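> In this text, residue positions in the sequence shown follow full-length UniProt numbering: the first is 1, and each later residue adds one. Pasting a structure below so you can have a look.
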Amino acid sequence: MDAQDAPWRIGLTGGIGSGKTTVAEIWRRDGHCVIDLDAHSRAVLDLPGDGVEETVARFGEAYRNPSGTIDRAAMARLVFGDSAARAELEGIVLSRVERAVAHEEAKARAAGERLVIHDNPLLLEKRGEAGYDRVITVLARREDRIARVVADRGRDRAYVESVMAAQVSDLERIRRSDRLVLNNAGRQELGDRARHALASVLADLEE
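Take a look at the structure:
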């Protein structure tokens, strides 16, 4: 494969509170090209624009903040209890995310990047494995994940459990991933494991 023409695509995923974002940051600091799909999806709802207007048109003005953006807490309460509403919101967001990601990938290709990593929280939920050369998943204990989100994001346990219920199970993650990164120790250990997993995947691809 000519890496300058078509960089390898690595999918990074993991459930809420697993430490996926930390792994992505470790790789980014190591110099790898990491595209944050969650950041792009947040921008659709957190910045005034057509994404916000389409969301309000579908769900109502009650979901608009005084600042003109979407009330994410109110929207979360709706979509994590209503699968049809969640699917509609994802349709609004994901079409815009795909365009933003395509733009970033084009820049990476032009820069001759060897690989592009997608930090993709919905990779398995959307059955997106076929779009990647390899998938790496971060795993952590359920109670650790809940405690992390409650402490770091100020969410309550019920919210975290509702998000978990909408995500695939850890058994599914294990079955459908090429490599796993277990986050059950300190940050140094997590960094070592993340680097080892990525190096192992690259070795496979280069064979």
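Note that beta-carbon positions come from the ideal geometry of N, C-alpha and C, so glycine has one too. These figures come from a predicted structure and were not determined experimentally.
Report the CB separation of I16 from R145 in whole angstroms; it is logged as a contact under 8 Å.
6 Å
> Can you give the Cα-Cα distance for D119 and D156, rounded to whole angstroms?
25 Å
> Suppose contacts are defined by Cβ-Cβ distances below 8 Å. Is E125 in contact with V97 by that definition?
no
> Please check the pair E129 and V138, which I expect to be a contact at CB under 8 Å, by giving their CB distance rounded to whole angstroms.
Not really, about 16 Å apart at Cβ, beyond 8 Å.
> Going by DSSP, what residue range makes up the beta strand (DSSP E) through H118?
Unbroken beta strand (DSSP E) run through H118: L115 to D119.
> Between which two residues does the alpha helix (DSSP H) harbouring V138 extend?
Per DSSP, V138 belongs to no alpha helix (DSSP H); it is in the beta strand (DSSP E), R134 to L139.
> Taking its Cβ as the centre, do 16 or more other Cβ atoms sit within 10 Å of G131, making it buried, or is it exposed?
exposed
> How many Å lie between V75 and V116 at the Cα?
It is Met, not Val, that sits at residue 75 in the sequence shown. Going by the C-alpha atoms only, they are around 31 Å apart.
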